[in-house]
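Structure first, commentary second.
Numbering (our numbering), first residue to last: -9 to 390.
What follows is the structure, given as structure tokens:
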């Protein structure tokens, strides 16, 4: 990698680190989305309420993370207990409503606070809701009908709230507990609506359902100062010996939507999965460290002399000048004998043949045949292709 590329990479890395640091230290904007979970400390979380309830009721508080139908089906409960629901929407199905009705019939209480109740619950209690969707700025001032619980200084709910009221109730079986006055403001006029029903009680067997349409009152943002007084007044209607807090029907509930949901929900499988990933990571790191770097392929140096010789040989062979080639082959052979074996090649006689056979390691017969062939070819004035082939084979066999 050249110096310019290294500088670009270093600059890119520094810029990336700076962006990460800025992103980490940058103050995060407040999340105003409805959450209502016990762990959420955002404005519309329910961490403060969950922490305050045990002290307010002076009793145990149990956090329920499973479906209320499944929980009530497997739980042995008595009487005087409370199932507490708070969320932006509570769309209970038929099975859930049926189990909650059975829970209430045995002398228990179900408290539900939401901006919307599902069709099954509305049909069961013969209620209807009206929700005002408006871009105007609205102020909600809730109050209770009970003179002993009425607030001297009525809190004002404005941020994140939408007025929701009960427009129809079963007057024979339902008790109105609270209402709200709504002031809608815009740039031109101010409209006021008073006495909108937002808190009711429906008896079921020995117990009851409490339905409340201002869940924001139990959020972290409004559980402060005079707003907390309203939440305490609403909860004053309840006197449970034990409280179940629903953590399942939440807008902010953590939900694992991956195909590994079942594996991650089982403690044994989850740890086995994490250990497998850790083992794979360690294997990759160790192998990468021990693996030898790739050795670059080095092309051998070209033998130009050999290529030149082959070119010259082909040139002579094309012209069919066998005598010239034979003469050069014999000359090259004798030169090699002089340089390798230090023999005098002036006379190719019997003495020469014996010394050559002794120093080259070839048999005397093979050496004598080669020397005889060379003397024979040197004595001829005209040579053929077969003479060249015989000489070439004899020389190759001699130097094997």
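Using N, Cα and C, we set each Cβ at its ideal position, and we do this for glycine too.
Being a predicted model, the structure only gives us computed values, none of them experimental.
Spanning the alpha carbons of residue 233 and residue 96 requires a straight line of approximately 15 Å.
Nearest Cα to residue 115 within the set 68, -3, 136 and 164: 164.
For residue 57, the secondary structure class from DSSP, reduced to helix, strand or coil, is coil.
Residue 315 is positioned such that its CB atom lies no closer than 8 Å to that of residue 364.
Taken through DSSP and simplified to helix, strand or coil, residue 39 comes out as helix.
8 Å or more divides the Cβ of residue 222 from the Cβ of residue 145. For the pair residue 22 and residue 103, the Cα-to-Cα distance works out to about 18 Å. Under the 10 Å beta carbon count, residue 261 is surrounded by fewer than 16 other beta carbons and is classified as exposed. In terms of Cβ geometry, residue 88 and residue 117 do not form a close pair [threshold 8 Å]. Assignment of residue 133 by DSSP, reduced to helix, strand and coil, places it in the strand class. Around the beta carbon of residue 5, fewer than 16 other beta carbons sit within 10 angstroms, so the residue counts as exposed. Here residue 144 carries a coil assignment [DSSP, helix/strand/coil]. When only Cα atoms are considered, residue 352 and residue 325 end up about 18 Å apart. Within its own chain, the residues whose Cβ lies closer than 8 Å to the Cβ of residue 55, once the five positions on either side in sequence are excluded, are 237 and 238, listed in chain order.
With contacts defined by Cβ atoms closer than 8 Å, residue 366 and residue 357 do not form a contacting pair. With respect to the C-alpha of residue 189, the residue from 259, 107, 214 and 142 having the closest C-alpha is 107. Looking only at 375, 73 and 275, the smallest Cα-Cα distance to residue 312 is reached by 375. DSSP lists 191 as the bridge partner or partners of residue 165. Measuring C-alpha to C-alpha distances from residue 211 to each of 148, 48, 98 and 387 identifies 148 as the nearest.
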